[in-house]
């Protein structure tokens with residue numbers, strides 16, 4: 001049996017705005033969520049076409065804000081295929097209670113949206129002492145926290161990690177790295193330093209390929225370096241479908257082509273194994289079922 005392929009960064013958007021009203025962070029809905037919405041049913045079809053087995057659906061913060069209702073309903077409908085990564089306002093007085101309430105409904109990961117298409121720049125609010133109870137709770141219960149951030153936020157993130165050393169962090173889009181400067185990628189040094197912490201995971205998406213194109217750099221230079229510095233067991237693939245255009249199959253094919261100089265063992269980690277470490281709800285149970293059934 002082939003290893004499972006898992007996507008840890010697709011988004012879903014319902015066309016039912018009455019049941020799932022828009023409440024985007026920043027007050028402005030993202031263009032992609034308005035122009036090319038993908039329901040969870042459509043995501044399942046796209047996954048089947050692409051050869052993707054399971055997914056950790058990430059809350060579309062630029063459409064639904066902190067209302068995780070749609071990703072929770074998707075997981076309830078297909079728990080064999082999905083888990084959910086949701087958003088909570090960790091500045092709120094009731095943040096800990098909100099985390100527990102959403103997790104009781106099926107959330108297995110959190111996401112903090114500190115920059116993005118509708119909120120440019122790098123926010124610093126996630127270091128506010130008001131957030132400490134939420135960080136402490138996430139550390140205590142072991143829930144992974146995805147950080148939608150840029151490299152400009154590394155110092156602030158390091159401060160959080162120092163205060164909460166057991167917190168599990170997933171860097172969305174590799175923290176949007178600066179891949180300029182030639183084959184040694186000198187501007188990634190501080191990013192790679194984060195990998196010394198085994199609780200830090202790096203989410204590899206099409207944004208890294210776009211950064212390579214912008215820097216006129218080769219995937220054959222960057223990805224073997226990334227794997228050697230970070231370790232494949234701390235890297236997981238995410239599509240960013242449909243926020244990035246082209247369709248899930250195309251995004252998956254691009255990622256596989258970009259990683260063609262990485263060993264098959266390391267690719268197995270990146271395209272599935274690491275995802276199961278981050279989100280045990282996506283564990284590969286099919287082999288056990290096959291043995292006993």
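Residue numbers (our numbering): 1 to 293. Ideal Cβ placement from N, Cα and C applies to all residues, glycine included. Every value quoted in this text rests on a predicted model; they were computed, and no experiment measured them.
Whole-number beta carbon distance between residue j and residue i, since they are thought to touch under 8 Å
i, j, result
"residue 172", "residue 148", "5 Å"
"residue 60", "residue 28", "At roughly 13 Å, the Cβ-Cβ gap does not stay under 8 Å, so residue 60 and residue 28 are not in contact."
"residue 134", "residue 99", "7 Å"
"residue 96", "residue 86", "Their Cβ separation, rounded to whole angstroms, is 14 Å, which puts residue 96 and residue 86 out of contact at 8 Å."
"residue 192", "residue 230", "7 Å"
"residue 22", "residue 64", "7 Å"
"residue 109", "residue 45", "Not a contact, Cβ separation roughly 24 Å."
"residue 127", "residue 159", "6 Å"
"residue 199", "residue 169", "7 Å"
"residue 194", "residue 222", "So it is not a contact: roughly 17 Å between Cβ atoms."
"residue 116", "residue 62", "6 Å"
"residue 107", "residue 68", "6 Å"
"residue 153", "residue 188", "Their Cβ separation, rounded to whole angstroms, is 15 Å, which puts residue 153 and residue 188 out of contact at 8 Å."
"residue 177", "residue 211", "6 Å"
"residue 52", "residue 202", "Actually they are not in contact, since the Cβ atoms of residue 52 and residue 202 sit about 19 Å apart, beyond 8 Å."
"residue 278", "residue 79", "With a Cβ gap of about 17 Å, residue 278 and residue 79 do not count as contacting."
"residue 26", "residue 119", "4 Å"
"residue 299", "residue 262", "The question about residue 299 has no answer, for the chain in this structure spans 1 to 293."
Same chain, Cβ closer than 8 Å to residue i, neighbours up to 5 away in sequence not counted
i, result
"residue 292", "Residue confidence for residue 292 is low, a pLDDT of 31 falling below 50, so the modelled location carries little weight and cannot support an answer."
"residue 209", "219, 254, 255 and 258"
"residue 288", "Its pLDDT being 37, under 50, residue 288 is placed unreliably in this model, and the coordinates cannot settle the point."
"residue 102", "68, 72, 86 and 88"
"residue 284", "3, 4, 272 and 276"
Own chain partners of residue i with C-beta closer than 7 Å, once the 5 adjacent residues on each side are dropped
i, result
"residue 32", "242 and 243"
"residue 139", "164, 166 and 167"
"residue 16", "none"
"residue 225", "185"
"residue 270", "204, 232, 235, 236, 237 and 259"
"residue 66", "87, 88 and 89"
"residue 181", "187"
"residue 183", "221"
"residue 121", "115"
"residue 83", "56, 75, 108, 279, 281 and 282"
Own chain, CB closer than 6 Å to residue i, minus 5 neighbours either side, in chain order
i, result
"residue 266", "227 and 232"
"residue 205", "9, 173, 238 and 240"
"residue 90", "131 and 134"
"residue 249", "49 and 50"
"residue 6", "54, 272, 275 and 282"
"residue 286", "With a pLDDT of only 47 at residue 286, under 50, the local geometry of the prediction cannot be trusted, and the value read off the model is given with reservation. Hits under 6 Å: none found."
"residue 268", "3"
"residue 105", "72"
"residue 124", "156"
"residue 215", "179 and 180"
Counterpart residues of residue i in DSSP-defined beta bridges
i, result
"residue 235", "202"
"residue 146", "111 and 170"
"residue 83", "56"
"residue 116", "119"
"residue 90", "Partner(s): none; residue 90 has no beta bridge."
"residue 6", "54"
Residue i: CB within 7 Å of a non-hydrogen atom of the ligand ATP
i, result
"residue 218", "As for the ligand ATP, it is missing from this structure, which has no ligand bound."
Short CB-CB distance (under 8 Å) between residue i and chain C
i, result
"residue 192", "You won't find chain C in this structure, because it holds only one protein chain."
**Report entry** alpha helix (DSSP H) segments (min. 4 residues) lying fully within the segment 170-219
**Finding:** 189-193 and 206-215
Report task. Count the CB pairs spanning the segment 55-75 and the segment 249-256 that are closer than 8 Å, and state whether there are at least three. Result -> no
**Report entry** Touch test, the segment 232-250 against the segment 28-38, Cβ-Cβ under 8 Å, three pairs minimum
**Finding:** yes
Report task. List in chain order: all unbroken beta strand (DSSP E) runs of 3+ residues lying wholly within the segment 241-284. Result -> none
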